[in-house]
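Before any comments, here is the structure.
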Amino acid sequence: HAKRMTAGASGSGSSSSSSISGSPVLGAAAAPASIEESVAQIMREASLLFCIPNTPFQTLFKTGELSVQEAVYGYAGWIFAQHFLNRLGSEYATLVDILDPTDATDMVVLAKLKKRLRQETFTREHILDILLRHRDLLKDLYLHFAQVHYIHTETSASGVNRLADRLKDNLHVSLSMARLQDKTALTTDELRVKITRVTSNDHDAMVMRALLDFNEHVLKTNFYQPTKVALSFRMDPSFLPAIEYPTKPYGLFLVIGNEFRGFHVRFQDVARGGIRIVRSRNGEAFSINQRTLFDENYSLASTQHRKNKDIPEGGSKGTILLNMDAQDKASVAFEKYVDAVLDLLLTGQSPGIKDRLVDRLGRDEILFFGPDEGTAGYMDWASQHARKRGAPFWKAFTTGKSQTLGGIPHDIYGMTTRSVHQYVLGIIRQLELDESACTKFQTGGPDGDLGSNEIMISNDRTTAIVDGSGVLYDPRGIDRTELLRLAKARQMIQHFDTAKLGPEGFRVLVDDFQVTLPDGTLVQDGLSFRNTFHLNKMAAADFFVPCGGRPEAIDINN
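Sequential numbering from 21 applies to the sequence shown in our numbering.
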C-alpha cells in the first residue's frame, strides 16, 4: 500500500487520485520516501481515522481540500468552540457590576439572561458553518498547532523551534506533511491580524479566535501518537473567563472519541472524584446535555473540592457525554476515555507504539478516578489497564475496586449513602423521632449505588421516589418489600409491580403522555412531570434524601 501511495504522487501537496480498495488515499507525497517512512506516517494518520472515522469535515478530506490531520484538528476545534466560546460579552460583565448580588430578582434575571445568551448566540451548526467557510484559516491554525506538537523521530539541533528541521529527513508521504513543508507557520500575533482581516463579521472572528485560544492553551496532546483510541488534550485552564468560572481549576483535560466527548477537571494537584456517564434520551436532551456538559463538570468538581476539605486530596470530576448513536456504548467510551488520559500521564517509551509527547506542562501528573453514575462497574478494569500500561500508580488510580484488588467497593459498603444517612439518624436522635413513622421523599432510584443502599439501610415510610425512568408515589408508603427487591436487583422504578401500590398511589414514566392520576390531575408529559416533581406538593415529606438528582434542580426561585 505504501508503494502505491507514493506512486504518482505530486510534490505540490495536491491530493492523489489513486485509491486503495475504492477509498481515498491518506494523501500525496511531497517527495519519494522509503517504505518505512511511508508506513510510519500512514500509521499516524490512520490512527486519527480510527479514533474519529466520521466528522462533518470528512467530505473535505475525501476531496483533498483538507488533509486528514487538518480535518480531525478542525473537528477537535469545533468541539472546543462549542463548549468554550465566550458568548456573554462585555455587556454581560457590565450588567453583573451594576446589579445587586443580594437582590433575588436581579439574580434571577441575570441567571436567565446568561442561560439564553449561551444557548442562542452560537449553535453547533453555526460554528461548523463558519469553520467550513474559512477553511484556509483552518489550515493556518492547524499549522500553528502542528508547529508546537508534531512529534518528530529525531531532534534537530535547534530543538522544537523550526518545524522544517523536524520534517526534512522524515516524512514525505502524506498531504498533511506536504502542506506543512509548503507553508511557513504564522505566529500567534500574525494569526490574530489575519483572522481580523479575513473574517467578515464579529461572529466569524470569534469562532476562529476560539481555535487560536485552543492552540495557545494545549499543554500536551496524543494527537500525533501512532497508536491511540481517542484524542486527549491537557489544557491550561487560564482561558476560562473569570466571570463564568470564578475559581480557576488546577487542571483540565478534553477527551474526544468516536462515541463521546468528555472532560476532567480538578482543583488541586492531588485530587480525587468520580467519572460520570451522561446519557441522552433523544436529540433535544443531547443538545441540552452538550451545552451544559462542561458547566456541570466544573460545578461537580468544585462541589467535590469543598466536600474533600478535611482530607488530603482535593476535588475533581470527569464526565463522558455519549453521542446520540452511542447510547449503548458506555463501556467502550469509558475505556477509550481512560486510555486517552493515560497517554498524557505516562511517558512514551516504545517508539512506534507510544512515542514521547511535546510537553509544555513540564511536570508529571497523576489523576485519581472514582465511581459515579454509570461507571461503578468499570473501576477494576481502569486500574488493571493502568497496570498493563506500566503506570506506577495503578493501585491508587481508581477507588471502588474489588476487594481482590485491594479496594473497598463503594456500592457494597454503601460508603456515600451511609455518610448521608448519618444526617437523617442525627436529626431523628435530636428530635426524638421514630424513624418507622417518618415519611421520606427520595431522588435517585433503586438502580443506583446511593439509591439502592438508602432503601436497604433505612427504616422509614418512603412516599415518593424519582429516578431516571420516572416517578413512583404512594402517600401511605411505597411497599418496602418490593423496593428491596428492586434495590437488590439494581433496577429502576419502571420495574416496580404497580399492583402493590395503594389506591392513591401511581407510577408515571418519562415516556408516558396524557396520564390521569388518582386525584384527577392530568399529566401531559411524563418527562416534564419527572423533572419538576421535587417541587410538587406531593413531594412534601418529613425527610428529603437526595441520592442523585436533576442539574439546576435548586435555583434562587425555589
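Built from N, CA and C at the ideal position, the CB exists for glycine as well. The model shown is predicted, which means the values in this text are computed figures rather than measured ones.
| Query | Result |
| --- | --- |
| Beta-carbon proximity list for lysine 327, same chain, < 7 Å, skipping 5 on both sides | Gly335 |
| Nonlocal neighbours in the same chain, by C-beta distance under 6 Å from glutamine 288, ignoring five residues either side | Tyr270 and Gly334 |
| Where threonine 536 falls, given that 16 or more other Cβ within 10 Å makes a residue buried | exposed |
| Candidates Asp487, Asp539, Gly282 and Thr219: closest to proline 523 by CA position | Asp539 |
| Three CB pairs or more closer than 8 Å across the region 258-267 and the region 499-512 | no |
| Cβ shell of threonine 437 (< 6 Å), same chain only, five flanking positions each side left out | Leu470, Asn473 and Glu474 |
| Cut-off 8 Å between Cβ atoms - residues of its own chain near leucine 555, not counting five sequence neighbours on either side | Asn578 |
| Alanine 27 classed as buried or exposed, judged by whether at least 16 other C-beta atoms fall within 10 angstroms | In this predicted model, alanine 27 has a pLDDT of only 32, less than 50, meaning its place in the structure is not dependable; the value taken from the coordinates is given anyway. Exposed. |
| Proline 391 - partner residues in DSSP beta bridges | Ile295 |
| Proximity below 9 Å, CB of glycine 394 to CB of arginine 296 | yes |
| Separation of isoleucine 99 from aspartate 149, as counted between CA atoms | 13 Å |
| Three-state secondary structure assigned by DSSP to alanine 484 | strand |
| Helix, strand or coil at lysine 329 according to DSSP, with G and I counted as helix | coil |
| Closest by C-alpha distance to alanine 96, when choosing among Leu231, Asp480 and Asp562 | Leu231 |
| Span of the alpha helix (DSSP H) around serine 472 | 469-477 |
| Among Val116, Ser220, Tyr443 and Arg144, nearest to lysine 132 - alpha-carbon criterion | Val116 |
| One or two residues paired with aspartate 545 in a DSSP bridge | Phe533 |
| Residue from Pro261, Phe413, Asp160 and Ser489 with nearest C-alpha to tyrosine 318 | Pro261 |
| Rounded C-alpha distance that separates cysteine 71 from proline 332 | 37 Å |
| Between the CA atoms of aspartate 487 and aspartate 532 - distance to the nearest angstrom | 14 Å |
| Contained alpha helix (DSSP H) runs [length at least 4] in the region 81-149, N- to C-terminal order | 88-104, 109-118 and 124-140 |
| Arginine 281 beta carbon less than 9 Å from that of isoleucine 215 | no |
| Segment contact, 8 Å Cβ cut-off, at least three pairs: the region 236-247 with the region 212-227 | no |
| Per-residue burial, glycine 582 [other beta carbons within 10 Å of its own, 16 or more giving buried] | For the chain, the structure presents residues 21 to 578; residue 582 sits outside this window and is missing. |
| Environment of lysine 408 [buried if 16+ CB atoms lie within 10 Å] | exposed |
| Rounded separation between glycine 368 and asparagine 343 - CA only | 30 Å |
| Residue range of the beta strand (DSSP E) that includes histidine 284 | 280-286 |
| Length of the line joining the Cα atoms of serine 39 and glutamine 167 | Model confidence at serine 39 stands at a pLDDT of 31, short of 50, so the residue's coordinates are unreliable and nothing is read from them. |
| Three-state class that DSSP yields for glycine 397 in the structure shown | helix |
| Counted within 10 angstroms of its Cβ, other Cβ atoms place methionine 25 as buried (16 or more) or exposed | Here methionine 25 scores only 32 on pLDDT, less than 50, and its place in the model should not be relied on; the value that follows carries that caveat. Result: buried. |
| Presumed contact (8 Å Cβ cut-off) between leucine 251 and isoleucine 276, rounded CB distance | 5 Å |
| Short Cβ contact (9 Å threshold) for phenylalanine 273 with valine 290 | no |
| Beta-carbon proximity list for leucine 130, same chain, < 8 Å, skipping 5 on both sides | Leu115, Val116 and Leu119 |
| Inter-residue spacing [alpha-carbon to alpha-carbon] between valine 128 and methionine 558 | 26 Å |
| Simplified DSSP state of tyrosine 265, which is helix, strand or coil | coil |
| Closest Cα partner of methionine 228 within the set Ile147, Val528 and Ser110 | Ile147 |
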